[in-house]
Amino acid sequence: MESFSGSNASVFTGTFARDYFDTLIRDPENLPASFITGNGGAMLSNRISHFYNLTGPSMTIDTGCSSSAVAIHQGCRNLQAGESDLSLVGASSVLLNPDMFIAMSNLNVLNAEGRCYSWDHRSNGYGRGEGVATLLLKRLDDALRDGDHVHAVIRETALNQDGKTKTISSPSMEAQQQLIEECYRRAGLDLAQTAYVEAHMTGTATGDPIEAEAIARTFGQRRSSDDPVLVGSVKTHLGHTEPVSGLAAVIKTAFALQHACIPRI
1 MESFSGSNAS VFTGTFARDY FDTLIRDPEN LPASFITGNG GAMLSNRISH
51 FYNLTGPSMT IDTGCSSSAV AIHQGCRNLQ AGESDLSLVG ASSVLLNPDM
101 FIAMSNLNVL NAEGRCYSWD HRSNGYGRGE GVATLLLKRL DDALRDGDHV
151 HAVIRETALN QDGKTKTISS PSMEAQQQLI EECYRRAGLD LAQTAYVEAH
201 MTGTATGDPI EAEAIARTFG QRRSSDDPVL VGSVKTHLGH TEPVSGLAAV
251 IKTAFALQHA CIPRI
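Following the UniProt record's numbering, the residues of the sequence shown are numbered contiguously, the last one being 265.
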């Protein structure tokens, strides 16, 4: 990273829970002097920019469990707009605070065994996982020119929102279907040519069937029973790393492409 010092490289990070912040605040009389500058949400990205002397846009994103996926989107858009020549996208999740487990358990979203049974009839909640992940994004032409090792190519990204569903945390099958179709339309890709889909699939009884239906309507209906679309979710291996989950899914899929091997669920 020393070679990027002083460059216009951008930083986009994903965040969600604030376990370390909540742990420190329990003892307000002994808060460190760096409490705000070390724990403020904005500092997650800004500290990286400061440490490596990067002058491009620096933004911390909190969209819940999609935080790092949205960070990837913003990194790609930043490169396409020419605001940066390199974009660092990262996220982290370290489980330090038992209060979050209690709060999520009260929402009935956690699995009693601490596991994610994605694509499984046993799905009844997810197991929380820890993780730290970072990707360096670069325009493909620039990466090839500079002789960089290209792990994978992101053809297109897109965002939308569920709108008004049964509850604020309930996904929308229609919104997911529309997003997939729009992303493929922008990229000029054929849905029928997709052999594998890395799904969000946390292992919840509410969200999983909705996502499965969206995948079936977009990819599944365009494939034959002799050549079906394959599906998976990294959460069966790592647990649900929440803000890191988007990056984890991309990294897993990049390795699957490189090794021509899809890990078992």
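The beta carbon of each residue, even a glycine, is placed where N, CA and C say it ideally should be.
Predicted model, so just to flag it, every value in this text is computed and none were measured.
Determine whether the beta carbon atoms of residue i and residue j lie at a separation below 8 Å.
i, j, result
"Gly125", "Val109", "yes"
"Arg222", "Ala192", "yes"
"Val250", "Leu88", "no"
"Glu156", "Ala187", "yes"
In chain order, what residues of the same chain lie with their CB nearer than 6 Å to the CB of residue i, ignoring the 5 residues before and after it?
i, result
"Gly171", "Residue identity check: residue 171 is Pro in the sequence provided, not Gly. Closer than 6 Å at the Cβ level, and outside the excluded window around Pro171, lie Asp162, Gly207 and Ile210."
"Val70", "Ile61 and Thr63"
"Lys252", "Val234"
What residues in its chain sit with their C-beta under 7 Å from that of residue i, if we drop five residues either side in the sequence?
i, result
"Leu96", "Asp19, Tyr20 and Thr23"
"Thr37", "Met43"
"Ala205", "Ser123 and Asn124"
Please name the residue in the options whose C-alpha comes closest to that of residue i.
i, options, result
"Thr194", "Ile215, Thr202 and Met201", "Ile215"
"Asn78", "Met59, Ser67, Gln258 and Arg128", "Met59"
"Ser233", "Gln80, Tyr196 and Pro28", "Tyr196"
"Ala199", "His73, Thr236, Arg128 and Asn111", "Thr236"
"Ala9", "His121, Pro32, Glu29 and Asn46", "Asn46"
"Leu86", "Gly40, Pro28, Arg26 and Ser7", "Ser7"
"Asn160", "His149, Ser169, Glu182 and Asp148", "Glu182"
Given a threshold of 16 other Cβ atoms within 10 Å of its Cβ, counted over all protein chains shown, does residue i qualify as buried or as exposed?
i, result
"Leu140", "exposed"
"Lys164", "exposed"
"Pro243", "buried"
"Thr167", "exposed"
"Leu107", "exposed"
"residue 270", "What the structure shows of the chain is the stretch from 1 to 265, and residue 270 is not part of that stretch, so it cannot be assessed."
"Ile25", "exposed"
Give me the Cβ distance between residue i and residue j, rounded to the nearest whole Å; I'm assuming they're in contact under 8 Å.
i, j, result
"Ala91", "Ser67", "6 Å"
"Ser84", "Gly56", "4 Å"
"Phe16", "Cys65", "7 Å"
For residue i, which residues in the same chain have their Cβ closer than 8 Å to its Cβ, ignoring the five residues on either side in sequence?
i, result
"Ile72", "Phe12, Val89, Leu135, Leu137, Ile154, Thr157, Gly246, Leu247 and Val250"
"Leu230", "Ala195, Tyr196, Val197 and Ile262"
"His240", "Cys65, Cys116, Tyr126, Gly127, Arg128, Gly129, Thr202 and Gly203"
Report whether the distance from the Cβ of residue i to the nearest heavy atom of the ligand FMN is below 7 Å.
i, result
"Gly6", "Of the ligands one can find in the structure shown there are none, so the ligand FMN has no counterpart to examine."
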